[in-house]
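Below is one structure, written out as structure tokens; comments come after it.
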DNA sequence: CTTACACGCTTTTTT
DNA sequence: AGCGTGTAAG
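In my numbering, the protein residues as written are 1 to 681.
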């Protein structure tokens with residue numbers, strides 16, 4: 001018998017009934033330009049935010065404002081350049097309006113694509129357990145295929161694996177076909193166009209069969225999903241009814257297209273960026289995206305943030321002068337109320353080591369004067385530019401962290417251990433199989449390929465490829481038989497119990513891998529600590545696939561030693577590539593190697609576009625400083641790459657008025673310092 | 001036919 | 001330090 005349903009009305013609280021009453025006084029806490037952007041209405045908008053103009057603050061307040069106005073936090077998508085940036089912004093929004101901000105969906109393009117594809121990817125042939133290839137994995141796979149296709153003849157210079165990966169990646173990120181990319185940017189390899197085309201197809205096919213996605217695929221497949229599968233597309237686009245994109249100047253055409261498609265049903269997009277800070281052209285980003293935003297989203301309103309809260313006027317003067325020379329930009333006039341401050345200094349050093357000694361000594365002085373070490377940064381164009389300084393700092397017991405350059409996760413031993421876990425998660429992962437098989441004594445490239453071919457039958461996917469692999473490994477006799485049996489045993493152990501946590505699985509593999517590590521590396525104690533570090537990271541995860549995806553998408557940039565230092569809560573100086581310093585600021589900034597040929601890099605001399613990007617990079621570096629800025633350049637340094645002697649300051653300083661810089665000369669103290677002579681290093 | 005190893009060369013920036 | 005190449009040994 002049916003029962004009658006009696007309606008009972010749930011009343012709204014007074015607070016809910018008055019959405020107009022906002023929890024904060026936005027007008028009071030923001031400047032008029034920021035306020036306009038924060039309170040912008042629906043529809044597309046573009047915020048041009050100069051360096052240090054409170055861009056992050058504006059985004060944070062925008063999130064808070066939207067939620068305050070009654071927008072469901074879960075319907076907001078915040079796309080940032082790193083996931084850390086997203087987390088920090090949401091944390092700060094939480095301080096403004098409370099825990100509601102936690103439900104905002106935030107992350108990088110890649111991490112968001114990863115999550116969406118694992119959830120909705122089946123219609124386009126993706127299993128939720130797919131594996132993400134990082135750059136070097138992708139290169140390894142390309143190399144395997146190149147060998148299989150017999151493209152390693154020595155007579156004609158065929159591009160290296162890294163170059164091939166770069167070419168393929170550029171095609172995807174700039175939405176161009178192979179011919180165009182090769183002919184315009186790699187013309188010297190045009191004779192290999194046909195082979196490259198064949199290789200590209202083989203690469204795509206291998207990835208498809210084995211459920212492997214490289215970084216670009218994450219974006220490409222999401223785009224494909226949004227285009228092909230109407231159900232998923234509608235579900236996704238309508239669940240994110242408001243989209244915020246940070247660092248828009250560093251998105252590429254593929255990402256712009258994704259934003260366009262994600263916003264297809266509502267057009268509620270706010271993009272924030274600064275064309276003058278576009279520094280990722282080498283991976284397909286184009287500041288054109290900012291220029292073209294109003295075309296892509298007709299009716300877009302443009303907001304500008306021009307008051308700089310970070311730097312003193314003398315530093316801004318230099319920055320403005322440098323960007324003045326840029327060929328194309330949205331005009332904006334940065335100004336500050338911090339009128340007074342020391343002039344930036346330009347310091348000539350007799351050589352690299354003199355430069356290092358100057359920086360180290362000056363940092364000690366600054367510390368004496370009361371500047372905390374973590375308010376000081378040393379920036380440089382390329383990671384290896386700081387090698388000499390690192391030695392000098394260690395010698396003087398100055399603690400530092402280095403950001404950018406090689407990552408902890410990219411070291412061989414970490415990749416080795418991770419590869420074992422990856423075959424557990426995706427037994428079709430031929431790249432990881434290859435890696436772990438080569439570690440076994442008596443197994444070389446040939447044997448590894450034969451084994452993989454015998455247990456990964458891609459034309460007829462097995463129900464249990466993992467089981468089958470283990471059986472094959474057990475059956476091998478001869479030199480490698482013993483090692484392969486050991487491998488089979490550990491994979492079975494670590495793969496058997498679903499109850500096992502990722503940390504326990506790491507530990508299982510670690511026990512097996514330890515003897516191999518000791519055999520291969522003399523410095524194994526240090527590497528063992530790294531692997532223990534990996535164990536503690538794994539402890540934070542409940543699922544292996546989450547752990548592996550994070551390791552590929554957001555690799556930790558600190559090694560075990562760095563983490564120990566952080567735990568002691570020591571203040572540390574930051575050494576960083578300029579790219580990794582994006583969005584950050586310090587009281588005091590040193591720039592190393594401000595010498596023509598290193599900065600701009602000699603590699604960029606070829607095209608006007610690349611030189612322009614170096615100029616913007618210079619601008620980014622200068623605008624990181626709040627108070628003090630020191631530009632150093634060593635002279636008489638021989639540059640192997642170009643076969644020239646580097647002595648001239650960066651060309652970007654050529655047109656800078658001398659009155660904007662102080663020039664220092666370094667003088668050696670009287671007396672011998674032979675004991676420090678570089679001969680004995 | 002394979003694997004292991006030594007030697008010389010080249011090193012941007014990163015999700 | 002890592003990659004590709006050449007060579008000796010299994």
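Idealized CB from N, CA, C, for every residue including glycine. Note that this is a predicted model, so its numbers are computed, not measured.
Put simply, of 50, 659, 519 the residue whose alpha carbon is nearest the alpha carbon of residue 335 is 50. Excluding its 5 nearest sequence neighbours in each direction, residue 385 has C-beta neighbours in its own chain below 6 Å: 592, 593, listed in chain order.
In the displayed model, residue 76 falls within a strand according to three-state DSSP. Under DSSP, residue 273 takes part in a beta bridge, and its partners are 48. DSSP places residue 662 in the uninterrupted beta strand (DSSP E) bounded by 662-665. Under the three-state reduction of DSSP, residue 63 is assigned to helix. The criterion of a C-beta distance shorter than 8 Å is satisfied by residue 377 and residue 581. Taking each of 69, 67, 137, 56 in turn and checking the Cα distance to residue 89, the smallest one comes out for 56.
Secondary structure note for residue 576: its beta strand (DSSP E) is the uninterrupted segment 573-577. When C-alpha distances from residue 626 are compared across 191, 319, 383, the shortest belongs to 319. Selection 333, 380, 370 evaluated against residue 355 yields 380 as nearest (Cα-Cα).
The beta carbon of residue 479 is closer than 8 Å to those of 441, 442 in its chain, skipping five residues each way along the sequence.
A Cβ-Cβ separation of about 6 Å places residue 133 in contact with residue 431 under the 8 Å criterion. Residue 313 has its alpha-carbon roughly 16 Å from the corresponding atom of residue 621. Taking a contact as a CB-CB distance under 8 Å, the pair residue 648 and residue 596 counts as one, their CB atoms being some 5 Å apart.
Secondary structure at residue 84: helix, using DSSP grouped into helix, strand and coil.
Listed in chain order, the beta strand (DSSP E) runs fully inside the segment 294-367 are 301-305, 345-349, counting runs of at least 3 residues.
Residue state for residue 521 is assigned as coil, using DSSP reduced to three classes.
Put simply, the backbone Cα of residue 372 is about 47 Å away from that of residue 237. Around the CB of residue 243, 16 or more other CB atoms lie within 10 Å, so the residue is classed as buried.
Residue 55 is not bridged by DSSP to any residue. Rounded to whole angstroms, residue 573 and residue 360 show a C-alpha spacing of 11 Å. Within the model, the alpha-carbon separation for residue 512 versus residue 487 is close to 8 Å. In the DSSP secondary-structure assignment, residue 252 is bridged to 285. A contact is defined here as three or more CB-CB pairs under 8 Å, and the segment 208-221 fails this definition with respect to the segment 22-37.
Taking the Cα positions, residue 196 is about 41 Å away from residue 45. Comparing alpha-carbon positions, the option among 107, 276, 370 lying closest to residue 571 turns out to be 370. Ranked by how close their Cα comes to the Cα of residue 246, the residues 506, 62, 666, 102 have 62 in first place.
Collapsing the DSSP output to three states places residue 131 in a strand. For residue 179, the number of other beta carbons within 10 angstroms of its own is below 16, and it is reported as exposed.
In the structure shown, residue 628 falls within a strand segment according to DSSP collapsed to helix, strand and coil.
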